[in-house]
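Numbering (full-length UniProt numbering), first residue to last: 1 to 146.
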C-alpha cells in the first residue's frame, strides 16, 4: 500500500510537511484562520485542541497576519514551510513558519516569521513559547537548615 503525505494526520514532522503541502496547493486555507487549518488537518488530542484555542486575541492576530502574508507569497510562487526547530538551551521545540522562494532559499527576513507554538521533544505537550515550559518538572528549592 502506498501512503501519500496527505495521510499523515498526527502532529509530527510528516504531518507538518503534509499540511504545508496542502497550504501550498491552496493558500486560502490559512488566509482567515490558521487554527482552522490545523484543526482540519490534524487528529488532535483534547489537550492539543485546548492549546490551539488558548491564545490571546493579540497574539493570534500576529500569527494570523504571518500566515496571511505567507499565503500571499505562495500565490506569487513561493512555498510555505512548517519547520520544527529544536532549542537545546530550553529543551523546547518551536514550530516555525517559513517561506522559501522558488529556488528553495528562505525569503522574508531570513525566512522565519516567528514561532507559532512550542512543544516538548515528542510533540505531545503543546504550549505557547512565552509561557513556562510545562514539560519540565517544577524546580524546587531545598529548605535551608536553621
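Think of the CB as a built atom: it goes at the ideal place given N, C-alpha and C, for glycine as much as any other residue. Everything numeric in this text was worked out from a predicted model, so none of it was measured.
Determine, using beta carbons only, whether residue i and residue j come nearer to each other than 8 angstroms.
i           : j           : result
residue 71  : residue 30  : yes
residue 74  : residue 116 : no
residue 128 : residue 48  : no
residue 19  : residue 37  : yes
residue 84  : residue 95  : yes
residue 105 : residue 24  : no
Comparing alpha-carbon positions, which option in the options lies nearest residue i?
i           : options            : result
residue 92  : 32, 119, 46 and 61 : 119
residue 28  : 89, 100, 67 and 82 : 67
residue 10  : 87, 23, 45 and 105 : 45
residue 41  : 21, 76 and 54      : 21
residue 50  : 39, 59 and 58      : 39
residue 102 : 88, 77, 86 and 87  : 77
Starting from residue i, trace the beta strand (DSSP E) in both directions and tell me its first and last residue.
i          : result
residue 75 : Here residue 75 belongs to no beta strand (DSSP E); instead the alpha helix (DSSP H) covers 57–75.
residue 33 : Here residue 33 belongs to no beta strand (DSSP E), and DSSP marks it neither H nor E.
residue 97 : 92–100
residue 82 : 79–87
Note the first and the last residue of the continuous alpha helix (DSSP H) segment covering residue i.
i          : result
residue 22 : 13–25
residue 46 : 46–53
Just to check my reading of the structure: residue i and residue j have Cβ atoms closer than 8 angstroms, yes? What is that Cβ distance to the nearest angstrom?
i          : j          : result
residue 81 : residue 65 : Actually they are not in contact, since the Cβ atoms of residue 81 and residue 65 sit about 18 angstroms apart, beyond 8 angstroms.
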